[in-house]
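*Asks:* Here it is: the structure, laid out below.
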Amino acid sequence: MPHALTPETGARFAALTLGHVTREYPNKPDHTLAGPEDARTPAALHPVFHGSFDWHSCVHGYWLLARVLRLFPEGPQAPAIRALFDRQLTPEKVAGECAYLEAPTARGFKRPYGWAWALKLADELARLPEPRWARALAPMAEIFARRFRDFLPLSPYPVRVGTHFNTAFGLRMAADYADGTGDTALTDLLRATALRWYGEDADCPAWGEPSGDDFLSSALIEAECLRRLLPADAFAPWFDRFLPRLAERRPETLFRPATVTDRSDGKIAHLDGLNLSRAWCLRALAGALPDGDPRSPVLREAAEAHLAAALPHLADDYMGEHWLASFALLALEA
Numbered sequence: 014m015p016h017a018l019t020p021e022t023g024a025r026f027a028a029l030t031l032g033h034v035t036r037e038y039p040n041k042p043d044h045t046l047a048g049p050e051d052a053r054t055p056a057a058l059h060p061v062f063h064g065s066f067d068w069h070s071c072v073h074g075y076w077l078l079a080r081v082l083r084l085f086p087e088g089p090q091a092p093a094i095r096a097l098f099d100r101q102l103t104p105e106k107v108a109g110e111c112a113y114l115e116a117p118t119a120r121g122f123k124r125p126y127g128w129a130w131a132l133k134l135a136d137e138l139a140r141l142p143e144p145r146w147a148r149a150l151a152p153m154a155e156i157f158a159r160r161f162r163d164f165l166p167l168s169p170y171p172v173r174v175g176t177h178f179n180t181a182f183g184l185r186m187a188a189d190y191a192d193g194t195g196d197t198a199l200t201d202l203l204r205a206t207a208l209r210w211y212g213e214d215a216d217c218p219a220w221g222e223p224s225g226d227d228f229l230s231s232a233l234i235e236a237e238c239l240r241r242l243l244p245a246d247a248f249a250p251w252f253d254r255f256l257p258r259l260a261e262r263r264p265e266t267l268f269r270p271a272t273v274t275d276r277s278d279g280k281i282a283h284l285d286g287l288n289l290s291r292a293w294c295l296r297a298l299a300g301a302l303p304d305g306d307p308r309s310p311v312l313r314e315a316a317e318a319h320l321a322a323a324l325p326h327l328a329d330d331y332m333g334e335h336w337l338a339s340f341a342l343l344a345l346e347a
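If you're matching positions, the sequence shown starts at 14 in our numbering and goes up one per residue.
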């Protein structure tokens, strides 16, 4: 049977995430010091998002909690999620996050991965029946939306690595916020940028995948980005050109789950995330194909193999525990 998201799975993911979003240490800050006064603790730098080992993982941990709360509002972790949001997602604490972002040294902070997850969180909070949390986060979301608006026209080339710097992932996640807020100008900018960066790509060999640091497939996240941003009639011919031999399970590397040899090593643990993010993209792409398309069962079978390889290991070590569940949720929902 295909892997599925159940209330029990959602509760397990939420319990796991509640255990680290306020855990301040260990912590890997992405912080530039302009002077000795900038040497501060994670909680002093980031009043809201100081847990989960690093800022971006904490942000998408909050997204997971918001998503689980919306899907399962009566679930066993719902009271704890609401209490956390009431405690942390306040105008005063978000103002502290915004003050950090306005410093000149923070111009490129978490670009584009953290930007995208911050907007994804804002979009999810806006879909909850309790509007106070979305209202509180709105000023921070607008900062990141503005950063996308300012940065994308300046950037002549995409970044295709399988890590946080991947630009296709950033565009794809930001699209949900742009659509959710009705910001058609931002949606148009995201789409135009995707076409400028990726529109002429064809016959992708995926020859560099996976590297030992990947948690994204540069090939599949590019395809998922275009699936999300293009109309179906424009995506179909692009996808046919980009990965023309999927029905033959080629490029073969995309169908073989990555091997993880040491889950206590943060970089090697990325490969569990690669298996989960591939499953997310494979499922989403299969769902975009017409009925009877021979590629669909091939993609779904590959997704299940990747899920089977990664789902048992979400909490094996804190190097994966602090972030993997978010990608597991994306994959199970796709």
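Beta carbons: idealized from backbone N, C-alpha and C, even for Gly.
Find the nearest neighbour of Val-174 within the set Pro-117, Asp-67, Asp-304 and Gly-225, judged by alpha-carbon distance.
*Replies:* Considering only alpha carbons, the answer is Gly-225.
*Asks:* Would you check if the distance between the CB atom of Leu-298 and the CB atom of Ala-232 is smaller than 7 Å?
*Replies:* no
*Asks:* Once the 5 residues before and after Glu-110 are set aside, which same chain residues still bring their CB inside 8 Å of it?
*Replies:* His-59, Pro-60, Val-61, Phe-62 and Met-153
*Asks:* Measuring CA to CA, which of Ala-187, Pro-125, Pro-89 and Ala-135 is closest to Thr-79?
*Replies:* The sequence given here places Ala at residue 79; Thr does not occur at that position. Cα-wise, what sits closest to Ala-79 is Ala-135.
*Asks:* Check each candidate in Ala-56, Phe-26 and Ala-47 and name the one with the smallest Cα separation from Glu-37.
*Replies:* Ala-56
*Asks:* When you measure from the CB of Ala-151 to every non-hydrogen atom of the ligand MG, does any distance come out below 6 Å?
*Replies:* Annotation note on the ligand MG: not contained in the displayed structure, which lists no ligands.
*Asks:* Could you tell me which uninterrupted alpha helix (DSSP H) segments, each at least 4 residues in length, are contained entirely in the region 89–168, listed from first to last along the chain?
*Replies:* 91–101, 104–114, 126–139 and 145–164
*Asks:* In terms of residues, what are the limits of the alpha helix (DSSP H) holding Glu-235?
*Replies:* 231–242 is the extent of the alpha helix (DSSP H) around Glu-235.
*Asks:* Check this for me: beta carbons of Phe-255 and Cys-217, under 7 Å apart or not?
*Replies:* yes
*Asks:* Whose CA, out of Arg-209, Ala-315, Leu-132 and Val-107, lies closest to the CA of Ala-188?
*Replies:* Leu-132
*Asks:* Pop quiz: Glu-222 and Leu-184 are said to be a contact at Cβ under 8 Å. What is the actual Cβ separation, rounded to whole angstroms?
*Replies:* In this structure, Glu-222 and Leu-184 do not form a Cβ contact; the two beta carbons are roughly 19 Å apart against a cut-off of 8 Å.
*Asks:* Of the choices Leu-165, Glu-155, Ala-28 and Ser-70, whose alpha-carbon is the least far from that of Phe-340?
*Replies:* Ser-70
*Asks:* First and last residue of the alpha helix (DSSP H) that includes Gly-23?
*Replies:* 20–31
*Asks:* Leaving out five residues on either side along the sequence, give the residues of the same chain with a beta carbon under 6 Å from the beta carbon of Ala-301.
*Replies:* Here Ala-301 has Arg-240 as same chain residues with Cβ atoms under 6 Å from its own Cβ, once five neighbours each way along the sequence are excluded.
*Asks:* Nearest-angstrom Cα distance between Pro-303 and Ala-315?
*Replies:* Going from the Cα of Pro-303 to the Cα of Ala-315 covers about 18 Å.
*Asks:* Assuming Asp-330 contacts Ser-277 (C-beta within less than 8 Å), just tell me the rounded distance between them.
*Replies:* Taking 8 Å as the upper bound for CB-CB distance, Asp-330 and Ser-277 are in contact here, some 5 Å apart.
*Asks:* Which same chain residues end up closer than 8 Å to Ala-207 when comparing Cβ atoms and leaving out the 5 residues on each side of it in sequence?
*Replies:* Ala-181, Leu-184, Cys-238, Leu-239, Leu-242 and Leu-243
*Asks:* Can you tell me the Cα-Cα spacing of Arg-296 and Arg-204, whole angstroms?
*Replies:* 22 Å
*Asks:* Please report how far the alpha carbon of Gly-193 lies from the alpha carbon of Leu-138, in whole angstroms.
*Replies:* 11 Å
*Asks:* Do the region 86–105 and the region 39–57 meet, that is, are 3 or more Cβ pairs less than 8 Å apart?
*Replies:* no
*Asks:* Rounded to the nearest angstrom, what separates Pro-142 and Arg-83 at their Cα positions?
*Replies:* If you take the alpha carbons of Pro-142 and Arg-83, they lie about 8 Å apart.
*Asks:* Is the CB-CB distance between Leu-31 and Leu-342 below 7 Å?
*Replies:* no
*Asks:* May I have a chain-ordered list of the alpha helix (DSSP H) segments no shorter than 4 residues that lie completely inside the region 305–339?
*Replies:* 308–323 and 331–334
*Asks:* Starting from Trp-220, follow the alpha helix (DSSP H) in both directions and report where the run begins and ends.
*Replies:* That residue, Trp-220, is in no alpha helix (DSSP H); it is neither H nor E in DSSP.
*Asks:* Please state the DSSP three-state secondary structure of Asn-179.
*Replies:* Under the three-state reduction of DSSP output, Asn-179 falls in the coil class, being neither helix nor strand.
*Asks:* By DSSP, does His-283 sit in helix, in strand, or in coil?
*Replies:* helix
*Asks:* Taking the beta carbon of Ala-158 as the centre, do at least 16 other beta carbons fall within 10 Å, making it buried, or is it exposed?
*Replies:* Counting C-beta atoms within 10 angstroms of its own C-beta, Ala-158 has 16 or more neighbours from the protein chains shown and is therefore classed as buried.
*Asks:* Excluding the 5 residues flanking Pro-20 on each side, which residues of the same chain have their C-beta closer than 7 Å to its C-beta?
*Replies:* Phe-85 and Gly-88
*Asks:* How about His-319 and Arg-291: do their beta carbons lie closer than 7 Å?
*Replies:* Against a cut-off of 7 Å, the Cβ pair of Arg-291 and His-319 comes out as a contact.
*Asks:* Rounded to a whole number of angstroms, what is the C-alpha to C-alpha distance between Ala-108 and Arg-148?
*Replies:* Rounded to the nearest whole angstrom, the CA to CA distance from Ala-108 to Arg-148 is 12 Å.
*Asks:* Thinking just about the alpha-carbon of each residue, which of Pro-310, Glu-213, Arg-95 and Lys-41 is nearest to the one in Tyr-170?
*Replies:* Glu-213
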